[in-house]
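Chemist: Below: one structure in C-alpha coordinates.
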Amino acid sequence: MRPIGAACLGTATLVTLLACTPVAAAATDTGSAQARDKARIITVLGEVQQLTRFPVTTGSVSQGDQVVVRSVLTDEAGNTVGETHGTCTTTRGIIQPGDEEAEQCLVTYTLPGGQLTVQGMYFNYLDQGPFDNAITGGTGEYKKARGWVHSDTIRTTPPVKRRFTIHLV
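Take any residue in the sequence shown, note its place counting from 1, add 1070, and you have its number in this note's numbering.
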(Lines of atoms letter the chains of each structure in order from A and count residues from 1; the text may use other names and numbers.)
(Lines give C-alpha, C1' and ligand atoms only; values in the text may rest on other atoms or scores of the structure.)
Protein backbone atom coordinates (compact mmCIF):
# COMPACT_ATOMS: atom_id res chain seq x y z
CA MET A 1 0.00 0.00 0.00
CA ARG A 2 1.26 3.46 -0.81
CA PRO A 3 0.58 6.48 1.40
CA ILE A 4 -2.33 8.59 0.32
CA GLY A 5 -0.70 11.95 0.79
CA ALA A 6 -2.67 15.06 0.01
CA ALA A 7 -5.60 13.24 -1.56
CA CYS A 8 -6.26 11.44 1.73
CA LEU A 9 -8.60 8.56 1.06
CA GLY A 10 -11.45 7.85 3.13
CA THR A 11 -17.99 5.42 2.05
CA ALA A 12 -21.63 3.48 1.43
CA THR A 13 -23.10 2.52 2.07
CA LEU A 14 -23.17 2.50 2.71
CA VAL A 15 -23.85 2.71 1.23
CA THR A 16 -23.31 2.56 3.38
CA LEU A 17 -23.93 2.87 2.72
CA LEU A 18 -25.52 3.14 3.13
CA ALA A 19 -27.19 6.37 3.89
CA CYS A 20 -24.07 8.31 3.20
CA THR A 21 -24.53 11.96 2.72
CA PRO A 22 -22.49 14.96 1.70
CA VAL A 23 -19.99 16.12 4.17
CA ALA A 24 -17.02 18.31 3.70
CA ALA A 25 -14.93 15.30 4.50
CA ALA A 26 -12.16 15.36 6.96
CA ALA A 27 -9.96 12.90 5.14
CA THR A 28 -6.83 11.98 6.96
CA ASP A 29 -4.43 9.10 6.50
CA THR A 30 -2.12 8.03 9.27
CA GLY A 31 -0.17 5.75 6.92
CA SER A 32 3.37 6.42 5.74
CA ALA A 33 5.97 4.73 3.55
CA GLN A 34 7.56 3.28 6.69
CA ALA A 35 4.19 1.94 7.82
CA ARG A 36 3.61 0.01 4.59
CA ASP A 37 1.27 -2.95 5.14
CA LYS A 38 0.65 -1.91 8.74
CA ALA A 39 -2.44 -0.53 10.40
CA ARG A 40 -3.66 2.89 9.34
CA ILE A 41 -6.80 4.97 9.60
CA ILE A 42 -8.41 6.92 6.77
CA THR A 43 -11.23 9.38 7.50
CA VAL A 44 -13.51 10.84 4.84
CA LEU A 45 -16.88 12.55 4.75
CA GLY A 46 -19.68 11.27 2.55
CA GLU A 47 -22.60 13.01 0.90
CA VAL A 48 -25.44 11.04 -0.67
CA GLN A 49 -25.89 11.98 -4.30
CA GLN A 50 -28.52 9.38 -5.19
CA LEU A 51 -30.64 7.15 -2.96
CA THR A 52 -33.55 5.07 -4.17
CA ARG A 53 -35.68 2.77 -2.03
CA PHE A 54 -37.59 -0.01 -3.77
CA PRO A 55 -40.48 -1.13 -1.58
CA VAL A 56 -41.66 -4.68 -2.00
CA THR A 57 -44.90 -3.78 -0.25
CA THR A 58 -46.65 -0.47 0.36
CA GLY A 59 -46.57 1.21 3.75
CA SER A 60 -43.78 0.80 6.29
CA VAL A 61 -40.40 -0.81 5.66
CA SER A 62 -40.79 -4.53 4.99
CA GLN A 63 -38.52 -7.52 4.60
CA GLY A 64 -37.10 -7.61 1.08
CA ASP A 65 -37.16 -3.85 0.48
CA GLN A 66 -34.02 -2.56 -1.25
CA VAL A 67 -31.97 0.65 -1.06
CA VAL A 68 -29.49 1.64 -3.75
CA VAL A 69 -27.15 4.52 -2.89
CA ARG A 70 -24.25 6.50 -4.35
CA SER A 71 -22.26 9.01 -2.32
CA VAL A 72 -19.37 11.37 -3.00
CA LEU A 73 -16.43 11.20 -0.59
CA THR A 74 -14.47 14.32 0.29
CA ASP A 75 -11.49 15.23 2.43
CA GLU A 76 -11.44 17.86 5.17
CA ALA A 77 -10.85 20.64 2.64
CA GLY A 78 -13.89 19.57 0.61
CA ASN A 79 -11.87 18.00 -2.22
CA THR A 80 -13.52 14.99 -3.86
CA VAL A 81 -11.45 11.85 -3.16
CA GLY A 82 -13.84 9.10 -4.22
CA GLU A 83 -17.32 7.63 -4.13
CA THR A 84 -19.34 4.88 -2.50
CA HIS A 85 -21.74 2.62 -4.37
CA GLY A 86 -23.95 0.25 -2.43
CA THR A 87 -27.10 -1.72 -1.93
CA CYS A 88 -28.96 -2.74 1.21
CA THR A 89 -31.71 -5.32 1.61
CA THR A 90 -34.14 -5.14 4.53
CA THR A 91 -33.93 -8.38 6.51
CA ARG A 92 -36.17 -7.31 9.42
CA GLY A 93 -39.04 -4.99 8.63
CA ILE A 94 -41.20 -2.90 10.88
CA ILE A 95 -44.23 -4.95 11.88
CA GLN A 96 -45.44 -2.75 14.73
CA PRO A 97 -44.42 0.65 16.15
CA GLY A 98 -41.16 0.45 18.05
CA ASP A 99 -39.68 -2.34 15.91
CA GLU A 100 -36.08 -1.87 14.80
CA GLU A 101 -35.40 -2.29 11.09
CA ALA A 102 -32.34 -4.27 9.98
CA GLU A 103 -30.56 -4.20 6.61
CA GLN A 104 -27.75 -6.27 5.09
CA CYS A 105 -25.53 -3.90 3.08
CA LEU A 106 -22.80 -4.31 0.45
CA VAL A 107 -20.79 -1.19 -0.39
CA THR A 108 -17.77 -0.42 -2.56
CA TYR A 109 -15.57 2.56 -1.71
CA THR A 110 -13.79 3.85 -4.82
CA LEU A 111 -10.66 5.67 -3.68
CA PRO A 112 -7.40 6.88 -5.20
CA GLY A 113 -5.30 3.78 -5.73
CA GLY A 114 -8.08 1.20 -5.64
CA GLN A 115 -11.35 0.05 -4.19
CA LEU A 116 -12.49 -1.32 -0.82
CA THR A 117 -15.42 -3.68 -0.46
CA VAL A 118 -17.43 -3.52 2.77
CA GLN A 119 -20.28 -5.62 4.10
CA GLY A 120 -22.41 -5.71 7.22
CA MET A 121 -25.63 -4.99 9.06
CA TYR A 122 -27.22 -1.59 9.46
CA PHE A 123 -29.82 -1.31 12.20
CA ASN A 124 -32.55 1.30 12.52
CA TYR A 125 -31.94 3.10 9.22
CA LEU A 126 -34.77 5.51 9.98
CA ASP A 127 -32.84 6.87 12.98
CA GLN A 128 -29.60 7.29 10.96
CA GLY A 129 -27.51 5.84 13.77
CA PRO A 130 -23.84 4.82 13.68
CA PHE A 131 -22.74 1.47 12.29
CA ASP A 132 -19.64 -0.67 11.79
CA ASN A 133 -19.10 -2.87 8.72
CA ALA A 134 -16.32 -5.32 7.86
CA ILE A 135 -13.84 -4.70 5.05
CA THR A 136 -14.06 -7.87 2.96
CA GLY A 137 -11.41 -7.08 0.35
CA GLY A 138 -10.12 -4.61 -2.15
CA THR A 139 -8.19 -3.86 -5.32
CA GLY A 140 -5.01 -1.94 -6.12
CA GLU A 141 -3.43 -0.55 -2.95
CA TYR A 142 -6.15 -2.31 -0.98
CA LYS A 143 -5.88 -5.78 -2.56
CA LYS A 144 -5.20 -7.45 0.80
CA ALA A 145 -7.30 -5.05 2.87
CA ARG A 146 -8.80 -6.18 6.15
CA GLY A 147 -10.41 -4.19 8.92
CA TRP A 148 -13.64 -2.27 9.39
CA VAL A 149 -15.42 0.98 8.57
CA HIS A 150 -17.15 2.98 11.30
CA SER A 151 -19.82 5.45 10.22
CA ASP A 152 -21.17 8.35 12.28
CA THR A 153 -24.00 10.57 11.14
CA ILE A 154 -23.09 14.24 11.16
CA ARG A 155 -26.42 15.55 9.90
CA THR A 156 -29.74 13.72 9.42
CA THR A 157 -31.56 16.36 7.39
CA PRO A 158 -30.81 16.64 3.67
CA PRO A 159 -28.19 16.64 2.70
CA VAL A 160 -27.43 13.85 5.18
CA LYS A 161 -23.76 13.80 6.09
CA ARG A 162 -21.64 10.95 7.45
CA ARG A 163 -18.07 10.53 8.64
CA PHE A 164 -16.46 7.25 7.57
CA THR A 165 -13.46 6.10 9.57
CA ILE A 166 -11.71 3.30 7.68
CA HIS A 167 -9.58 1.08 9.93
CA LEU A 168 -7.07 -0.91 7.87
CA VAL A 169 -5.25 -3.62 9.83
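In this text, a Cβ means the ideal position worked out from N, Cα and C, and glycines have one as well.
In angstroms with no decimal places, state the Cα-to-Cα distance between P1167 and G1207.
Modeler: Looking up residue 1167 in the sequence shown gives position 97. Looking up residue 1207 in the sequence shown gives position 137. The alpha-carbon atoms of P1167 and G1207 are separated by roughly 37 Å.
Chemist: Can you tell me whether R1123 is buried or exposed? The criterion is at least 16 other CB atoms within 10 Å of its CB, across all chains shown.
Modeler: Start at 1 with the first residue of the sequence shown, and residue 1123 comes out as number 53. R1123 should be labelled exposed.
Chemist: Out of R1162, I1205, P1229, which one is the CA nearest neighbour of Q1133?
Modeler: Here the question's residue 1133 lines up with position 63 in the sequence shown. That would be R1162, whose Cα lies nearest to the Cα of Q1133.
Chemist: Can you grab the Cα-Cα spacing for the pair H1155 / V1142, in whole Å?
Modeler: Counted from its first residue, the sequence shown places residue 1155 at position 85. Counted from its first residue, the sequence shown places residue 1142 at position 72. Rounded to whole angstroms, H1155 to V1142 spans 9 Å at the Cα level.
Chemist: Are L1176 and Q1185 close, meaning C-beta to C-beta below 9 Å?
Modeler: For the purposes of this step, residue 1176 is identified with residue 106 of the sequence shown, where counting begins at 1. For the purposes of this step, residue 1185 is identified with residue 115 of the sequence shown, where counting begins at 1. Result no, Cβ atoms of L1176 and Q1185 do not sit closer than 9 Å.
Chemist: What residue range is occupied by the uninterrupted beta strand (DSSP E) comprising V1251?
Modeler: This structure gives no information on residue 1251, because the portion of the chain shown stretches from 1071 to 1239.
Chemist: Are there 16 or more other CB atoms within 10 angstroms of the CB of A1109, so buried, or fewer, so exposed?
Modeler: Within the sequence shown, numbered from 1, the residue matching residue 1109 stands at position 39. When all chains shown are included, A1109 counts as exposed.
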